[in-house]
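In what follows, a structure is listed as structure tokens, so that the remarks can point back to it.
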Amino acid sequence: MTVTDEMTGRSGGRSVVEDLAASGGLDELFERIDSGQVELTGSDGLLPALLKETLERGLAAELTEHLGYEKGEPTAVARGNARNGTTAKTISSEVGSFEIEVPRDRAGTFTPRLVRKGQRRMDGLDAMIISLYAGGMTVREIRHHLDSTLGAELNAGTISNITDAVADAVLQWQSRPLEEFYPVIHLDAIRVKIRDQGRVSNRAAHIAVGVDMEGIKHVLGIWVQADEGASFWAHVCAELANRGVNDVLIVCCDGLTGLAEAVEATWPDSVVQTCVVHLIRSSMRFVAYQDRKRVAAALKPVYTAASEDAASSALAEFAASPLGARYPDTVGVWERAWERFTPFLAFPPALRRVIYTANSIESLNYQLRKVSKNRGHFPNDTAAVKLLWLAICNIEDKRALERERDRGKPAGKRRAKPRLVEGQTTTNWKQALAQLTTAYPDRINPYL
Numbered sequence: 000m001t002v003t004d005e006m007t008g009r010s011g012g013r014s015v016v017e018d019l020a021a022s023g024g025l026d027e028l029f030e031r032i033d034s035g036q037v038e039l040t041g042s043d044g045l046l047p048a049l050l051k052e053t054l055e056r057g058l059a060a061e062l063t064e065h066l067g068y069e070k071g072e073p074t075a076v077a078r079g080n081a082r083n084g085t086t087a088k089t090i091s092s093e094v095g096s097f098e099i100e101v102p103r104d105r106a107g108t109f110t111p112r113l114v115r116k117g118q119r120r121m122d123g124l125d126a127m128i129i130s131l132y133a134g135g136m137t138v139r140e141i142r143h144h145l146d147s148t149l150g151a152e153l154n155a156g157t158i159s160n161i162t163d164a165v166a167d168a169v170l171q172w173q174s175r176p177l178e179e180f181y182p183v184i185h186l187d188a189i190r191v192k193i194r195d196q197g198r199v200s201n202r203a204a205h206i207a208v209g210v211d212m213e214g215i216k217h218v219l220g221i222w223v224q225a226d227e228g229a230s231f232w233a234h235v236c237a238e239l240a241n242r243g244v245n246d247v248l249i250v251c252c253d254g255l256t257g258l259a260e261a262v263e264a265t266w267p268d269s270v271v272q273t274c275v276v277h278l279i280r281s282s283m284r285f286v287a288y289q290d291r292k293r294v295a296a297a298l299k300p301v302y303t304a305a306s307e308d309a310a311s312s313a314l315a316e317f318a319a320s321p322l323g324a325r326y327p328d329t330v331g332v333w334e335r336a337w338e339r340f341t342p343f344l345a346f347p348p349a350l351r352r353v354i355y356t357a358n359s360i361e362s363l364n365y366q367l368r369k370v371s372k373n374r375g376h377f378p379n380d381t382a383a384v385k386l387l388w389l390a391i392c393n394i395e396d397k398r399a400l401e402r403e404r405d406r407g408k409p410a411g412k413r414r415a416k417p418r419l420v421e422g423q424t425t426t427n428w429k430q431a432l433a434q435l436t437t438a439y440p441d442r443i444n445p446y447l
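Heads up, the final residue of the sequence shown is numbered 447 in numbering that gives the first Met the number 0, and it's a clean run with no missing numbers.
Here you go:
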């Protein structure tokens, strides 16, 4: 028995099972389970049967409390109400489906709390369905999984209604008020497949991640549109401004034509920084596979240069080299992006690591691509946003559980992954914030 059990005078479930096992009270049950005579889950399983007995006992206690007298006591006429039999109800749960007898009263005033009127599923089953959906499973796959593993027979409409129940939460999240000021915002998009008028087409799911004054990263929103165009990014920025974002110091994004102008139309004083990872990736499209490592090494002096002049000299040196002569289009990518590539070169190293790449949002996108790929296509834009939001919540919850299991272990034995994006603290943020304060004292001091 634990300390808590001793203080409260109660025996925890684990303690009860251990006591029964030690006394031999579970030996016969275990023998039947081992021999296959007793199943644990499913409509005829042990766990549903135990849950049925527990619920029926609890419902009977609720009715006793409601009526004010125990079953079997004389029912005086003055009481005005009495027991009136039971009604059968089939309940689906995370351990299987089973039938319970819900007690009634003659006056019809009994409202059970343990199993609510109209409730056909235990709350844990709804959470399981939403978790499976967030993992990328389709409604048909969830239905088959529940039927084959738990014996819980739910139709596709019921499962769809369960997942649709989170639509209000998604809407609230998508329209929630935001901070007035974000030092850094990362913008990027991934491709998802949407069924539209009988045809499946590719669309862009636009994602914005903001870094607040504490260095904490937040997914600010998800928007789905047919194309990743500058005009739609202008709509995204305008929506963020309408939700309270008045100023942004640095916006890190890819080199999409017109995107920088769309950002500056909303936040005129912001610095638009082209993501170096996107830039390298774009320049490698023209390079043969066997030369990519050498080209990447030759380009590194460009984006690690101490100043813009040094970066320009490094690019000119690469252009004059045999590799540069072989791949002039690679040089052209950097030259065309030069104006939006170089802003971060004016900052010290700690701040460069924060703004030079949208790497954090790339990690998020990698996880979301896996989920959306498993899902195939979506019936509409709303379904895509719902799944991506659920996937973020699901991934963060799983990682939080892993970190909780690692709590107290030596650092060398911890295997849990850090937060994906939501709630993650930017590395070396305090040093980066100090450098931002030095560079933009008038804009950042009011928010310190």
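Ideal Cβ placement from N, Cα and C applies to all residues, glycine included. The structure presented is a predicted model; accordingly, all values stated were derived computationally and were not measured.
- Item | Supposed close pair Ala-249, Val-183 - CB separation, criterion 8 Å | The residue you asked about is not Ala; residue 249 is Ile in the sequence shown. The beta carbons of Ile-249 and Val-183 sit about 5 Å from each other, so the pair counts as a contact at 8 Å.
- Query: Since Leu-186 sits in a beta bridge, which residues does DSSP pair it with?
  - Reply: DSSP lists Ala-207 as partners of Leu-186.
- Task: Below 6 Å CB to CB, which residues in the same chain sit around Gly-209 once its five sequence neighbours on both sides are set aside?
- Result: Cβ contact annotation for Gly-209 (same chain, cutoff 6 Å, sequence separation greater than five): Tyr-181, Ile-184, His-217 and Leu-219, in chain order.
- Item | Nonlocal neighbours in the same chain, by C-beta distance under 8 Å from Glu-52, ignoring five residues either side | By the criterion of a C-beta distance shorter than 8 Å, Glu-52 is surrounded by no residue of its chain, once the five residues flanking it on both sides are discounted.
- Could you work out which residue in Arg-339, Leu-298 and Asn-241 is closest to Ala-319 when comparing CA atoms only? For the residues Arg-339, Leu-298 and Asn-241, the minimum Cα distance to Ala-319 belongs to Leu-298.
- What is the residue span of the beta strand (DSSP E) that Val-453 lies within? For residue 453 there is no data in the structure shown, the boundaries of the chain being 0 and 447.
- Query: Name the DSSP beta bridge partners of Lys-216, please?
  - Reply: According to DSSP, Lys-216 bridges with Val-210.
- Taking just the CA atoms, how far does Gln-272 sit from Cys-252? Answer to the nearest angstrom: the Cα atoms are 6 Å apart.
- Would you decide whether Thr-425 is buried or exposed? Buried here means 16 or more other CB atoms lie within 10 Å of its CB. Around the beta carbon of Thr-425, 16 or more other beta carbons sit within 10 angstroms, so the residue counts as buried.
- Item | Inter-residue Cα distance where the pair is Leu-131 and Thr-437 | Take the alpha-carbon of Leu-131 and the one of Thr-437: they are about 48 Å apart.
- Message: Spatial neighbours of Met-0 within its chain, please: C-beta separation below 6 Å, excluding the five flanking residues on both sides.
- Response: Low confidence applies to Met-0: its pLDDT is 38, below 50, so where it sits in the model is not reliable, and the reading given next is rough at best. Contacts found: Ser-14.
- Message: Does Val-244 pass the burial test, meaning 16 or more other C-beta atoms within 10 Å, or should it be called exposed?
- Response: Val-244 is buried by the Cβ-count criterion.
- Query: In the structure shown, what three-state DSSP assignment does Asp-43 receive?
  - Reply: Here Asp-43 sits in coil by DSSP.
- Determine the DSSP secondary structure at Lys-416, reduced to helix, strand or coil. In the structure shown, Lys-416 sits in coil (DSSP, three-state: anything other than H, G, I, E or B).
- Query: Are three or more beta carbon pairs between the region 304-315 and the region 342-353 nearer than 8 Å?
  - Reply: They touch, by the three-pair rule.
- Roughly how many whole angstroms lie between the Cα atoms of Arg-31 and Ala-20? Between the alpha carbons of Arg-31 and Ala-20 lies a distance of about 15 Å.
- Query: Going by Cα to Cα distance, which pick from Val-101, Ser-147, Ala-295 and Ala-287 is closest to Leu-278?
  - Reply: For Leu-278, the closest of Val-101, Ser-147, Ala-295 and Ala-287 by C-alpha to C-alpha distance is Ala-295.
- Query: Val-330 lies in the alpha helix (DSSP H); which residues open and close that run?
  - Reply: Where Val-330 is concerned, the enclosing alpha helix (DSSP H) stretches over 327-335.
- Query: Would the beta-carbon of Val-247 fall within 8 Å of that of Trp-266?
  - Reply: Contact flag set, yes.
- Query: Quick one: what's got a C-beta closer than 7 Å to Arg-291's C-beta in the same chain, skipping five residues either side?
  - Reply: Excluding residues up to 5 positions away in sequence, Met-283 lie with their Cβ nearer than 7 Å to the Cβ of Arg-291 in the same chain.
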